[in-house]
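> Each residue of the sequence shown is one higher than the last, beginning at -11 in this note's numbering.
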Amino acid sequence: MRLLIERKPIKVYPDPKRVIARFFFNGEDRAKEVIKRVLTLSDQEVFGLISPILQEYSKRHRNITKILARHCKQIKHCIEEMEIDYESLSKYQRLLLGSYFTHEYSIESAAFFNPSVVEDPDQSELVEGEKRLIISFRAVGEGHISSVVFRRALIDCNGNITVNPSGNYVDEAEVVRNAVYNKKLFFKRAADAMIDLNILDEVGLKLEEKFDYAILRRVIVDSKNLQTDDLKKLEYDKILWLSDTYHEISFSRDTDISDRVIFPISEFERKGIEDARFVRFIKDDGSVIYYATYTAFDGAMILPKLLQTTDFYDFKVSPLHGAGAQNKNLALFPRKINGKYAMMSRIDGWNNYLMYSDKLTVWDHPVKLQQPQFPWEFIQIGNCGSPIETEAGWLVITHGVGPMRRYCLGASLLDLEDPSIEIGRLTEPLVIPNNDEREGYVPNVLYSCGSIIHNGELIIPYGLSDYCSSFASVKIELLLAKLLSSASDRKTSNENKTPGENKTPGENITPNEYKTLNENEAANKAEEKL
């Protein structure tokens, strides 16, 4: 019999009015034609065109003049190739040119789903029993391009949730490319991305063991200029695109968290940033940092990546490496286990795996933890966010896919000191799509990227059929009791098996055994960091 859950009377819908101003470019030939036509206009004509644009779009964007000026600067090379002195252009000419190379993009026009939730770093001025939350969502706009957006919410002592309304503007972050790359690690990832090996060898010979973005860009541009084959030129571009996967982003301090959008900036994520799983991580010294794993998608290849922040203003972005950093569904445990980072993954697309690492960005030796067991999850099982620590064990909310590709949410309990041991698993779904949740962009799908425990309740934010989001809750005491009961049933079942048949998937490796596995790689791993 299924547990009683409470669906909260709140839904968060996509808002097509949430727009950002993006750079728009249709090729150099067309760009130069536009530049030529604009520069034939008189000063009076230029002012007459740009003035109403600034008045209209200043109501839709926080600093439209800054955006237009930045986009004009992005076509500076075209202007100079036309033998026009860029510095001689007037302020209004630059703004008008920038407007022709700008378009609005509605980040939430299609969907707003797959939420993750963490405790807000700011818990000031609350009354007893309240908690302030930060919820991340996957927002989808035109062309099915996904980005990460945020909302702040408050949960009271009775479990009621209030999601704060979003602000009037949406802001992208400033991108800071200040990473120092490790040559061996960078070119291993480049080879994994199937970039031409001959070109990688050529570029690698021109770089030191450590290099930064500026040095790499100079080498790439010089090498590309010597190339006449357009397909090989593209391979050089791919190396530079890969370097964009290492960067920092910074939001203005005058933005509300609902104003901030993490939008794809690299060609390796040009089709979307998918399903961020945020976790409040407790470091060895007791300090707190927030991590998120997400999937970068370029339309063909999946690249798992890691975000890290302490304040949700400044983020560091890095790709994840190793045999375990493949496919989707990576979820970091909220603390180290026996001195090692721990991660769940789904490297084969349909089973849950467990792995340990000394480095946050390098994951090897994945071991199967769970496989589909019940009819409602026969197609695949995966995690729905980072495990949650309880006195009874690590609570893992899972998703299972069954007949008619219906996604349901389940739950499992893992041993605290050895998560490869599955203590219990719900035999029936915890949450299934009801009649009001079945219709949407992708029917019959419930999905979550992270939950939280508050006042004795497990709060599960979840996406409804890949369209909007809502919340459900269940008494944590009842859920854990059900999971421990399933453990007793499993023990009885295992006692009837022959010796050697009573191990659950993944029960054959511990964190200490990972130490032995990693000893032979220790020297190499010590170098594999940025």
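Yeah, the Cβ is synthetic: ideal placement off N, Cα and C, and Gly gets one too.
Give a yes or no on whether the C-beta atoms belonging to S240 and Y201 are separated by under 8 Å.
Cβ atoms of S240 and Y201: not closer than 8 Å.
> Hey, which unbroken runs of the beta strand (DSSP E) at 3 residues or more fall wholly within the stretch 245 to 307?
Those beta strand (DSSP E) runs which fall completely within the stretch 245 to 307 and span 3+ residues are 248 to 250, 260 to 270, 276 to 285, 290 to 297 and 302 to 307.
> For the candidate residues I245, L418, R206 and F100, whose alpha-carbon lies nearest to that of D302?
With distances taken between Cα atoms, D302 lies closest to I245.
> Taking its Cβ as the centre, do 16 or more other Cβ atoms sit within 10 Å of R18, making it buried, or is it exposed?
R18 should be labelled exposed.
> Give me the DSSP bridge partner(s) of I519.
The first residue shown for the chain is -11 and the last is 518, placing residue 519 beyond what the model contains.
> Leaving out five residues before and five after S374 in sequence, what residues of the same chain have Cβ atoms less than 7 Å from its Cβ?
Closer than 7 Å at the Cβ level, and outside the excluded window around S374, lie R265, V267, A319, L320, F321, P322 and G438.
> Can you name, in chain order, every residue of its own chain whose Cβ lies under 6 Å from the Cβ of Y450, other than the five neighbours on each side?
Answer for Y450: L434 and S436, listed in chain order.
> Count the other C-beta atoms from every protein chain shown that fall within 10 angstroms of the C-beta of C145, then say buried if there are 16 or more, exposed otherwise.
The residue in question, C145, is exposed, as its Cβ has fewer than 16 Cβ neighbours within 10 Å.
> Considering only C-alpha positions, which residue in the set K324, K356, Y329 and N326 is nearest to W338?
Taking only the C-alpha atoms, the option nearest W338 is K356.
> Since W351 and L308 should fall inside the 8 Å C-beta cutoff, what is the C-beta to C-beta distance between them, to a whole number of angstroms?
About 6 Å separates the two Cβ atoms, so the contact holds.
> Provide the residue span of the beta strand (DSSP E) that contains D200, from first to last.
Segment K198 to D200, the beta strand (DSSP E) holding D200.
> Kindly give me the distance between the Cβ atoms of V249 and E160, rounded to whole angstroms, as I take these residues to be in contact under 8 Å.
That belief holds up - the Cβ atoms of V249 and E160 are roughly 6 Å apart, short of 8 Å.
> Looking at D286 and K304, is the spacing between their C-beta atoms short of 8 Å?
Going by C-beta atoms, K304 is not nearer than 8 Å to D286.
> Does the Cβ of I524 have 16 or more other Cβ atoms within 10 Å, making it buried, or fewer, making it exposed?
In the structure as shown, the chain begins at -11 and stops at 518. Residue 524 is therefore absent and cannot be evaluated.
> Grab me the residues of H442's own chain with a C-beta within less than 6 Å of its C-beta, minus the 5 sequence neighbours each way, in chain order.
Same-chain partners within the cutoff: K119 and I143.
> Could you please give the first and the last residue of the uninterrupted alpha helix (DSSP H) stretch that includes T57?
Looking at the sequence shown, residue 57 is not Thr but Ala. First-last of the alpha helix (DSSP H) with A57: I52 to K61.
> Return the chain-ordered ranges of every beta strand (DSSP E) run that is complete within the stretch 390 to 430 and spans a minimum of 3 residues.
Listed in chain order, the complete beta strand (DSSP E) runs (minimum 3 residues) inside the stretch 390 to 430 are 395 to 402 and 410 to 413.
> Is it right to say A98 is buried, meaning 16 or more other beta carbons lie within 10 angstroms of its own, or is it exposed?
Its Cβ being crowded by 16 or more others within 10 Å, A98 is buried.
> Run the CB neighbour count on R206, radius 10 Å, all protein chains shown included, and call it buried at 16 or more, exposed below.
R206 should be labelled exposed.
> Does Q368 come out as helix, strand or coil in the three-state DSSP assignment?
Reduced to three states, the DSSP call for Q368 is strand.
> Taking only the alpha-carbon atoms, compute the straight-line gap between L466 and R(-10) and give it to the nearest angstrom.
Distance between the alpha carbons of L466 and R(-10) is about 11 Å.
> Going along the chain, which unbroken runs of the beta strand (DSSP E) with 3 or more residues stay wholly within the stretch 175 to 215?
Listed in chain order, they are 198 to 200.
> Report the CB separation of Y429 from Y395 in whole angstroms; it is logged as a contact under 8 Å.
Between Y395 and Y429 the Cβ distance is about 13 Å, and since that is not below 8 Å, they are no contact.
> How long is the line joining the alpha carbons of N102 and D217, rounded to whole angstroms?
N102 and D217: Cα-Cα distance of roughly 43 Å.
> Under a CB-based cut-off of 8 Å, is N423 close to chain C?
Absent from the structure: chain C. Only one protein chain is present.
> Run through DSSP, which three-state label would L101 get?
It should be noted that the sequence gives Phe, not Leu, for residue 101. It is a strand residue.
> Taking the beta strand (DSSP E) that V433 belongs to, which residues open and close that run?
Looking at the DSSP string, V433 is not in any beta strand (DSSP E), and its letter there is neither H nor E.
> Rounding to the nearest angstrom, what Cα-Cα distance links N496 and I52 in this structure?
Because N496 carries a pLDDT of 44, less than 50, the predicted location of this residue cannot be relied on, and the following value inherits that uncertainty. Spanning the two alpha carbons is a distance of roughly 58 Å.
> Under the rule that 16 or more other beta-carbon atoms within 10 Å means buried, what is E483, buried or exposed?
Caution is warranted here: a pLDDT of 45 is assigned to E483, below 50, making its placement in the model unreliable, and the coordinate value is therefore given only provisionally. When all chains shown are included, E483 counts as exposed.
> Just curious, the beta strand (DSSP E) that P(-3) is in, first and last residue?
Start and end: E(-6) to V0.
> Is DSSP giving I335 helix, strand or coil here?
I335: coil per DSSP, three-state reduction.
> Who are Y80's beta bridge partners in DSSP?
The partner list for Y80 (beta bridge, DSSP) is empty, contrary to what the question assumes.
> Go through its chain and collect everything with a Cβ distance to V276's Cβ below 8 Å, but skip five positions before and after it.
Within the same chain, V276 has close Cβ partners P109, R268, F269, I270 and T298.
> Using the C-alpha atoms, what's the distance from S238 back to V163?
Roughly 7 Å between the two C-alpha positions.
> Closer than 8 Å is the cut-off here; do at least three beta carbon pairs connect the stretch 177 to 188 with the stretch 217 to 228?
Yes, the stretch 177 to 188 is in contact with the stretch 217 to 228.
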